[in-house]
Amino acid sequence: MALLTLGGCATAPPRNTGNLCQVFDEYPGWYHDARDAQKRWGTPANVLMAFVQRESGFRQKARPDRPWFLFIPLPRRSSAYGYAQAQDPVWKEYRKENGGWFKSRTDMEDALDFLGWYTDRIHRELGISKWDPKHLYIAYHEGIGGYRSGHWKRDRHLLATADEVDRRAREYGAQLRRCR
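The numbering used here applies: residue 460 is where the sequence shown begins, and numbers increase by one.
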């Protein structure tokens, strides 16, 4: 019975993830969380929300797929988890720097704050504008060292994905200006 009760606490993804106004209408607290992260770290709310949409599809407990060998599940290829798909090492670093003993990757407020913190770090270390969703996303996906290496320039799939994030962030920005 307790497991059923806890399972019912999961937040369902918004019905229309393509419209940020509708996302915020459905989950008004997320609007305030995104604005708070923007005020604290300087990364626009529409960019943060585009990252969440791409990384987890707004699924609270998203994880990478588990590979299988015949009928045997193998370990996941990544420790990514939650709305922002933050991996264990960088999540631990974020919590240490931000006093986050009780922070959770499955809490939208914490996930957006994490994204703001990490995109601020990307901006400071790589000089990428917080208004450049494409390159912010590449650096987020590859990590700061991976971005510096430049290997991403030959990764067509990643470049196409970054273009999608860029387009989504710009759409979200235009929608946000009309709905609020």
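Each residue gets a CB set at the ideal place from its N, CA and C atoms; glycine is no exception.
Query: Span separating the alpha-carbon of residue 590 from that of residue 539; Result: 25 Å
Query: Whole-number beta carbon distance between residue 503 and residue 485, since they are thought to touch under 8 Å; Result: Rounded, the Cβ-Cβ distance is 21 Å, inconsistent with contact.
Query: Contact between the segment 571-589 and the segment 623-630 (3+ Cβ pairs under 8 Å); Result: no
Query: Span of the alpha helix (DSSP H), counted from its first residue to its last, around residue 481; Result: 479-485
Query: Sequence-distant residues of the same chain with beta carbon closer than 7 Å to residue 562, five excluded per side; Result: 554 and 569
Query: Given residue 585 as reference, the closest of 541, 616, 602 and 493 once Cα atoms are compared; Result: 602
Query: Same chain, Cβ closer than 6 Å to residue 522, five either side skipped, listed in chain order; Result: 540
Query: Element boundaries [alpha helix (DSSP H), containing residue 548]; Result: 547-556
Query: Residue span of the alpha helix (DSSP H) that contains residue 540, given as start and end; Result: No alpha helix (DSSP H) contains residue 540, which DSSP labels as neither H nor E.
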